[in-house]
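Trainee: Structure in structure tokens, see below.
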Amino acid sequence: MSAILRYGPAALVSGTLAALALVPLLGSDYHVALAVAVLSYIVLATAWALFSGPTGYVSLATVAFFGIGAYTVAVLGEVLPWPVVLLVAALIGLVVALVVGLSTLRLSGIYFVVFSFGLAELIRQLVTWYEVNVGRSVGRYVFLDIGQTAIFWQLFGLAVAVFVVGWLVRRSRLGLALQVIGEDETVARHCGIDTTRAKLALFAVSSVFITVTGAVMAPRWTYIDPAIAFNPLVSFQVVVMALLGGAGVLYGPLLGAVPLVLLFDVIGANFPNHFSILLGLVFVVVVYGLPRGVAGLLGRANSIEHRAGPPSHRVRGEGGSPRSGETGEGASRGYADAPSPGSHASSVRSDLSPRAGRRETCLDVSGEPLLEIVDLSKSFGGVRAVDGVSFQVARGSIVGLIGPNGSGKTTALNLISGLIPPRGGAIRFDGAEITGLRSDRIVHRGIARTFQLVRVLDELTCADNVMAAIAFRRHPSWGEKARHRAATLLARVGLAGRDEEPAGRLTYIDSKRLELARALALDPKLLLLDEWLAGLNPTELQEGIALIASLKRDGLTIVMVEHVMDAIRSLCDRCVVMNTGRTIADGGTAEVLAAPEVVRAYLGGGDADD
Ligand SMILES: Nc1ncnc2c1ncn2[C@@H]1O[C@H](COP(=O)(O)OP(=O)(O)OP(=O)(O)O)[C@@H](O)[C@H]1O
């Protein structure tokens, strides 16, 4: 089974293309016409899935680009040599994709779907208006001496090209970036990925293929009008085909395109008046019955075959009130097999040792602060989540950010990491202002973080989770060196040998470890930990504390939001206490934890005396 899954896709694609290549040699005109339709939809659906598959951005703009290609031929076909016409079509498709992408790829979910559909309609209406009011006719005749067989071979070339490009993209940094974006765009930005640029790049590649397909197909019609060139059914059919086959893998759309083109041919011939209804029916069946397509079924078979044991369930621990080394709920089944973080203490030091110079500066906690927060504020509606907060973080120190639930700690971290923009105030980091910068830019300045609710990329392996950071940090690396680094970091946090395990199968604790490895992979100067120790049992807690202490020894500066008071006491040089968005105490840990206002607002009577 595994051999089939490994080599099957290549065999499937090359086998299908080889079979199609025989059609003009052996088949009738009807068969060639059918093969042209099959090939065109293979290219369209594969190109569509190049972008929409990994990102999950469902575009209904396919026909906008297809129609642009067809209309370019209608206008320029008789004026310019054919290769130049195709080149012009590709360029127009590229420019439109860049303009549209820049304005829409900030949208996500249903907004993007609706906009992409609206875009196709808008272009159709504009072309119709132009034809009627300027051209004084509804459509145009296309008299080109390009026969069906020539169209077939051009589409064949496009199909080969789209698979080669797809294959290259999936192995590239860009391919990984799009997968990460598809899983969690926030994490993508916190891995240093310029998400807009990555999406734009592949949207443009996908759109150029679709535009050229429209151009190549145009000579099939002797007459083109906007209703033909911009028929919205094309967009829907492409989506259905890609979803049926599985948009998540390169060969998926082919699995959907071949049977559905044949099915639509039968439906079109026998039930021409019910085509749309039957298309809708197929759409519903595909979405409900096969949400991940045929390829998804094959993938599931693969994961069942390779599963070493039953998947362990993630148990989310709870943050909340102060805890003194309490047992969390996150004890994991798989954890006992994993090397403990403590056992990797020696690799820790060698791992981060290239920044030996930094270690020297970091030990000097009295110098210029690494992070300076000045009068920071953020409101959500009427809630002042962060209200004029100021504090400093010295290089090489660990600062605990503590306070009762809802006091604004996570919001403060979100502001520092660029997840949300502040309403007022300033954030200075390493001598430069970073207020309001995007997360990916802040990552490149040297700030990494973990999240209160763990955010690992479930569909990716542990190694790829870490690779996502290594590949897009300020000084990125890729290939074997990066893989080796990822493996080292996984071992560093206690996940040695788990490189190829899907992150979605990790236990809660192990996903926290993975998230930490990903943050460390960014080579940060400052690490923001949001309740990283929450939900650990006593043994795990001691290991976690030892791990964080070792990070400090290796020169990392850390701000940790935490409710586990044992950890705060043993790790933090200073504590900043927040209450209702404001700072109520800031100073040495022992002194702050004993302060009456802190005891009153947060700790209660007992804990402060511990
Ligand atoms: N995206 C948001 N939209 C609206 N309100 C928000 C949002 N994020 C935070 N808040 C509100 O801001 C306040 C501060 O929340 P925040 O999560 O920063 O507190 P916290 O100190 O981290 O709490 P906890 O210890 O429970 O994690 C709360 O009242 C919360 O409900």
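By the UniProt record's numbering, the letter at position 396 of the sequence shown is numbered 396, and the numbering carries on one by one without gaps. The C-beta atom is built at its ideal place from N, Cα and C for all residues, glycine as well.
1. Could you give the first and the last residue of the continuous alpha helix (DSSP H) run that contains Cys572?
2. Here's the rule I'm using: 16 or more other beta-carbon atoms within 10 Å means buried, otherwise exposed. How should Glu181 be labelled?
3. Taking DSSP as the reference, what is the three-state secondary structure of Lys525?
4. Determine the extent of the beta strand (DSSP E) in which Pro369 is found, giving its start and end residues.
5. Using the beta carbon as the reference atom, which residues fall closer than 6 Å to any heavy atom of ligand 1, ordered along the chain?
6. With the cut-off set at 8 Å, would you say Leu102 and Leu200 are in Cβ contact?
7. Between the alpha carbons of Ser379 and Val386, how many angstroms are there, rounded?
8. Is DSSP giving Phe391 helix, strand or coil here?
9. For Thr46, collect the residues of the same chain with a Cβ closer than 6 Å to its Cβ; drop the 5 residues on either side in sequence, then sort them by chain order.
10. Here's the rule I'm using: 16 or more other beta-carbon atoms within 10 Å means buried, otherwise exposed. How should Lys409 be labelled?
11. For Ala601, which option in Gly192, Ala218, Gly587 and Met578 has the closest C-alpha, if you only look at C-alpha atoms?
12. What residues are listed by DSSP as bridge partners for Thr557?
13. For the region 400-409 against the region 420-428, are there 3 or more C-beta pairs whose distance is under 8 Å?
14. If you reduce the DSSP assignment to three classes, tell me which class Val564 lands in.
15. Report yes if the CB atom of Leu437 is closer than 8 Å to the CB atom of Val187, and no otherwise.
16. From the DSSP output, in three-state form, read off Gly77 for me.
17. Give me the DSSP bridge partner(s) of Tyr223.
18. Could you tell me the distance, in whole angstroms, from the CA atom of Leu520 to the CA atom of Lys481?
19. From what residue to what residue does the alpha helix (DSSP H) around Leu460 run?
20. Helix, strand or coil for Thr411, going by three-state DSSP, please let me know.
21. According to the Cβ coordinates, are Arg202 and Leu176 closer than 8 Å?
22. Whose C-beta lies closer than 8 Å to the C-beta of Ala33 among residues of the same chain, with five residues either side of it excluded?
23. Mind checking Ser343: buried by the 16 CB within 10 Å criterion, or exposed?
24. Taking the alpha carbon of Gly53 as the point to measure from, which residue in Gly166, Ile545, Phe391 and Val576 has its own alpha carbon closest?
25. Around the C-beta of Trp48, are 16 or more other C-beta atoms found within 10 angstroms, so that it is buried, or is it exposed?
26. Apart from the five residues on each side of it in sequence, which residues of its chain come closer than 8 Å, Cβ to Cβ, to Val240?
27. Does Val315 come out as helix, strand or coil in the three-state DSSP assignment?
28. If I measure Cβ to Cβ from Ser340 and keep anything under 7 Å in the same chain, skipping five residues before and after, which residues do I get?
29. Taking 7 Å as the cut-off, is the CB of Asp566 close to at least one heavy atom of ligand 3?
30. Nearest by alpha-carbon distance to Phe112: which of Arg384, Ala61, Ala21 and Asn465 is it?
31. Taking the CB atoms as reference points, tell me whether Arg574 and Ser390 lie closer together than 8 Å.
32. What alpha helix (DSSP H) runs, 4 residues minimum, are completely inside the region 151-206?
33. Give the range of the alpha helix (DSSP H) segment to which Glu398 is assigned.
34. Where does Arg384 sit, in a helix, a strand or coil, going by DSSP?
Mentor: Reading it off the structure:
1. No alpha helix (DSSP H) contains Cys572, which DSSP labels as neither H nor E.
2. Correcting the residue identity first, residue 181 is Ile in this sequence and not Glu. Under this definition Ile181 is a buried residue.
3. If DSSP states are grouped into helix, strand and coil, Lys525 belongs with coil.
4. Pro369 to Phe380
5. Gly319, Phe380, Val383, Ala385, Gly403, Asn405, Gly406, Ser407, Gly408, Lys409, Thr410, Thr411 and Gln452
6. yes
7. 7 Å
8. Here Phe391 carries a strand assignment [DSSP, helix/strand/coil].
9. Val162 and Pro253
10. buried
11. Met578
12. Leu526
13. Contact between the region 400-409 and the region 420-428 is absent, because fewer than three Cβ pairs lie under 8 Å.
14. strand
15. The answer is no: Cβ separation not under 8 Å.
16. coil
17. Tyr141
18. 16 Å
19. That residue, Leu460, is in no alpha helix (DSSP H); it is neither H nor E in DSSP.
20. helix
21. According to the sequence shown, residue 202 is Leu rather than Arg. No.
22. Gln148
23. At Ser343, the pLDDT of 37 sits below 50, so the modelled position is not reliable; the number obtained from the coordinates is stated separately. Exposed: under 16 other Cβ atoms inside 10 Å.
24. Gly166
25. buried
26. Gly256, Leu260, Leu279, Val282, Phe283 and Val286
27. Below a pLDDT of 50, predicted positions are generally treated as unreliable, and Val315, at 37, falls in that range; the measurement from the model is reported next regardless. Coil.
28. Confidence in Ser340 is poor, its pLDDT being 37 and thus under 50, which makes the residue's placement unreliable; the coordinate value appears in the next sentence. So the list reads Gly494 and Glu543, once near-sequence residues are dropped.
29. For the structure depicted, ligand 3 is absent and the ligand set comprises only ligand 1.
30. Cα-wise, what sits closest to Phe112 is Ala61.
31. no
32. 173-183 and 185-190
33. Here the sequence assigns Ile to residue 398, which means Glu is not the residue at that position. Looking at the DSSP string, Ile398 is not in any alpha helix (DSSP H); the run it does join, the beta strand (DSSP E), is Ile398 to Ile402.
34. strand
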